[in-house]
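**Student:**
Number of protein chains: 2
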Amino acid sequence: MKTKLVLALLATVLAGSATAQVKPEDAIKWRQSGYGFMAWNMARIKMNVEGGNYNKEEVIKAANAIQAIANSGMGALYLPGTDKGKGWEETRAKSNMWTEKEKLGKAAMAFGKEANELAKVAANGNADAVEEQLGKLGGTCKGCHDDFKAKR
Amino acid sequence: MKTKLVLALLATVLAGSATAQVKPEDAIKWRQSGYGFMAWNMARIKMNVEGGNYNKEEVIKAANAIQAIANSGMGALYLPGTDKGKGWEETRAKSNMWTEKEKLGKAAMAFGKEANELAKVAANGNADAVEEQLGKLGGTCKGCHDDFKAKR
Chain A
0 MKTKLVLALL ATVLAGSATA QVKPEDAIKW RQSGYGFMAW NMARIKMNVE GGNYNKEEVI
60 KAANAIQAIA NSGMGALYLP GTDKGKGWEE TRAKSNMWTE KEKLGKAAMA FGKEANELAK
120 VAANGNADAV EEQLGKLGGT CKGCHDDFKA KR
Chain B
0 MKTKLVLALL ATVLAGSATA QVKPEDAIKW RQSGYGFMAW NMARIKMNVE GGNYNKEEVI
60 KAANAIQAIA NSGMGALYLP GTDKGKGWEE TRAKSNMWTE KEKLGKAAMA FGKEANELAK
120 VAANGNADAV EEQLGKLGGT CKGCHDDFKA KR
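Chains A and B, in that order, are what the protein sequence lines are.
According to numbering that gives the first Met the number 0, the first sequence is numbered sequentially starting from 0.
According to numbering that gives the first Met the number 0, the second sequence is numbered sequentially starting from 0.
1) In three-state terms, what does DSSP make of A/K1?
2) Starting from the Cα of A/L133, find the closest Cα among A/K22, A/F147, A/A118 and A/H144 and give me that residue.
3) Taking only the alpha-carbon atoms, compute the straight-line gap between B/D127 and B/K102 and give it to the nearest angstrom.
4) Might you give, ordered along the chain, the residues of its own chain that have their beta carbon closer than 7 Å to the beta carbon of A/M37, omitting 5 neighbours on each side?
5) Grab the span of the alpha helix (DSSP H) containing B/L133 for me, first residue to last.
6) Cutting at 7 Å between CB atoms, please list the residues of its own chain near B/A114, excluding the five before and the five after it.
7) Under 8 Å, CB to CB, which of the residues in the segment 43-67 of chain A have a partner in chain B?
8) Please check if any C-beta of chain B sits within less than 8 Å of the C-beta of A/Q20.
9) Which complete alpha helix (DSSP H) runs does the segment 17-54 of chain B hold, if anything under 4 residues is left out?
10) Taking the alpha helix (DSSP H) that B/N115 belongs to, which residues open and close that run?
11) Here's the rule I'm using: 16 or more other beta-carbon atoms within 10 Å means buried, otherwise exposed. How should B/S154 be labelled?
12) Looking only at DSSP bridge pairs, what is B/E57 linked to?
13) Please determine, among B/E24, B/N123 and B/A106, the residue with the shortest C-alpha to C-alpha distance to B/K141.
14) Under 8 Å, do B/Q20 and B/G86 count as touching if we go by C-beta distance?
15) Would you report the Cα separation of A/E56 and B/E131, rounded to the nearest angstrom?
16) Measuring only the C-alpha atoms, how far is B/N63 from A/S71?
17) What is the rounded straight-line gap between the Cα of B/E99 and the Cα of A/K60?
18) When we look at the beta-carbon of B/D82 and count the other beta-carbons within 10 Å, is it buried (16 or more) or exposed?
19) If you draw a straight line from the C-alpha of A/G111 to the C-alpha of A/M41, how long is it?
20) Whose Cβ in chain A lies nearer than 8 Å to the Cβ of B/A38?
21) Return the bridge partner residues of B/A69 from the DSSP annotation.
22) Contact defined as beta carbons within less than 8 Å: I believe A/L76 pairs with A/W39. What is the distance between those atoms, to the nearest angstrom?
23) Tell me which residues of the segment 79-103 of chain B have at least one Cβ-Cβ distance to chain A shorter than 9 Å, keeping chain order.
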C-alpha cells in the first residue's frame with residue numbers, strides 16, 4: 000500500500016504540472032482554441048498593414064495576444080495519444096509530433112522568437128516593419144504546419 | 000460611379016478597423032476560441048492553487064494569456080447578426096448582447112479589470128492570493144454568462 004502511495008506521489012511530482020488531470024478531448028479543444036484565436040489576430044494585423052488604415056492600438060493588442068499564447072506553454076496540451084481524437088473537430092496533429100522532438104522543438108522556438116519580436120515591432124508602430132515581421136511569424140507557422148499538421 | 004466609390008471608402012473609414020471584412024462564421028469561431036483558450040488557463044491555474052504543487056512559472060504564463068485575450072478587443076467579434084450562426088459550434092450569445100449595451104459594457108470592464116489584477120497577483124507568486132483573485136475573475140465570467148450566454 001505504502002509503495003503504491005509513494006509511486007502515485009512520484010508520478011504527480013514528475014508530471015511537473017497539472018496536465019496529468021486533463022482529458023484528451025479538452026487538451027485538443029484547448030490547443031485548437033489557441034491556434035484559432037491566434038488566427039484572428041494574425042488576420043487583423045494583416046488587414047491593418049494591407050488596408051491603408053493602420054490602427055496601432057489594435058495591432059498592439061493583437062500582437063500581445065499572439066505573444067502571450069505563443070509563450071503560454073501549449074506543448075503541455077500535446078498529451079501522449081492525442082494524435083487522434085476530437086476537440087472542436089478531429090485533430091490534425093501528425094504522429095511525428097511525438098517522435099521528432101528535436102525538429103518540433105526548433106520549430107516551436109522559432110515561432111516563439113518571431114511572436115516576441117512581433118509584439119516589440121507592433122509597440123513601435125511602424126506598419127511596414129510590422130508587415131515584414133508578420134511575414135516572418137507566418138513563415139514559422141507554415142513551416143510547422145507543413146511538417147506536423149495533416150492537410151484537410 | 001464616383002459616389003459609390005466615395006461611399007465605399009467612407010464605410011471603410013467609419014468601420015474604424017478591419018472587422019468589416021470578417022465573415023460571421025469566422026467571428027463566431029474566433030470568439031469561441033478566445034473563451035476556449037481562457038478556459039484552459041483558468042483550469043490550470045485552479046489545478047495549481049488546489050493541487051498542493053504550485054508552479055509559479057506556469058501560473059504566470061496562464062495569467063498572462065488570459066490578460067492578453069481579455070484586453071484584445073474581442074468585442075469586435077460580436078458583429079451585428081452573430082447572435083445566430085455557427086463557428087466551432089452554434090453560438091450561445093444571447094441577442095440582448097446587442098441591446099443591453101451598458102450592462103454588457105460594465106460586465107466587460109469588470110472582466111478586464113480582474114484579468115489584469117490576476118496577472119499582477121500571479122507575478123507575485125502567492126498561491127493563496129492567486130486563488131482569491133481567480134475566484135474574483137471567475138465571478139465576472141459567471142455573471143456575464145448568466146446574463147448573456149444561453150444554457151445548453
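From the three backbone atoms N, C-alpha and C, an ideal C-beta is built for every residue, glycine too.
**Tutor:** The structure says:
1) Locating residue 1 of chain A in the first sequence gives position 2, counting from the first residue. The predicted position of A/K1 is uncertain, since its pLDDT is 48 and thus under 50; no value can be drawn from it.
2) Start at 1 with the first residue of the first sequence, and residue 133 of chain A comes out as number 134. Among A/K22, A/F147, A/A118 and A/H144, the Cα nearest to that of A/L133 belongs to A/A118.
3) The residue given as residue 127 of chain B occupies position 128 in the second sequence. The residue given as residue 102 of chain B occupies position 103 in the second sequence. The straight-line gap from Cα to Cα measures roughly 31 Å.
4) As a working mapping, residue 37 of chain A is identified with position 38 in the first sequence. Counting only Cβ-Cβ distances below 7 Å, and skipping sequence neighbours, we find I65 and I68.
5) Start at 1 with the first residue of the second sequence, and residue 133 of chain B comes out as number 134. Per DSSP, B/L133 belongs to the alpha helix (DSSP H) from A126 to F147.
6) Translated into the one-based positions of the second sequence, residue 114 of chain B becomes position 115. Result list for B/A114: I65, Q66, A69 and L136, in chain order.
7) R43, M46, N47, G50, N52, N54, E57, K60, A61, N63, A64, Q66 and A67
8) Taking the first sequence and counting its residues from 1, one reaches residue 20 of chain A at position 21. With 8 Å as the cut-off, A/Q20 counts as an interface residue toward chain B.
9) 23-49
10) One-based indexing of the second sequence puts residue 115 of chain B at position 116. Run containing B/N115: K100 to N123, per the alpha helix (DSSP H) assignment.
11) In this structure chain B extends from 0 to 151, so residue 154 of chain B is not present and cannot be described.
12) Here residue 57 of chain B refers to the residue found at position 58 of the second sequence. Bridge partners of B/E57: none, in fact.
13) To locate residue 141 of chain B, count along the second sequence from 1; it is residue 142. Of the listed residues, the one whose Cα sits closest to B/K141 is B/A106.
14) Here the question's residue 20 of chain B lines up with position 21 in the second sequence. Here the question's residue 86 of chain B lines up with position 87 in the second sequence. Their beta carbons are not under 8 Å apart, which means B/Q20 does not touch B/G86 by this criterion.
15) For this step, residue 56 of chain A is matched to residue 57 along the first sequence. For this step, residue 131 of chain B is matched to residue 132 along the second sequence. The alpha-carbon atoms of A/E56 and B/E131 are separated by roughly 31 Å.
16) In the second sequence, residue 63 of chain B corresponds to position 64, counting from 1. In the first sequence, residue 71 of chain A corresponds to position 72, counting from 1. Cα to Cα, the separation comes out at about 8 Å.
17) Looking up residue 99 of chain B in the second sequence gives position 100. Looking up residue 60 of chain A in the first sequence gives position 61. Answer to the nearest angstrom: the Cα atoms are 25 Å apart.
18) As a working note, residue 82 of chain B is residue 83 in the second sequence. B/D82 is buried by the Cβ-count criterion.
19) Within the first sequence, numbered from 1, the residue matching residue 111 of chain A stands at position 112. Within the first sequence, numbered from 1, the residue matching residue 41 of chain A stands at position 42. Computed Cα separation, rounded: 14 Å.
20) Position 39 of the second sequence, counted from the start, is the residue given in the question as residue 38 of chain B. Those within 8 Å of B/A38 in chain A are W29 and S32.
21) As a first step, residue 69 of chain B is located in the second sequence; it is residue number 70 there, counting from the start. According to DSSP, B/A69 bridges with nothing at all.
22) To locate residue 76 of chain A, count along the first sequence from 1; it is residue 77. To locate residue 39 of chain A, count along the first sequence from 1; it is residue 40. That pair is no contact at about 19 Å.
23) G86, W87 and E88
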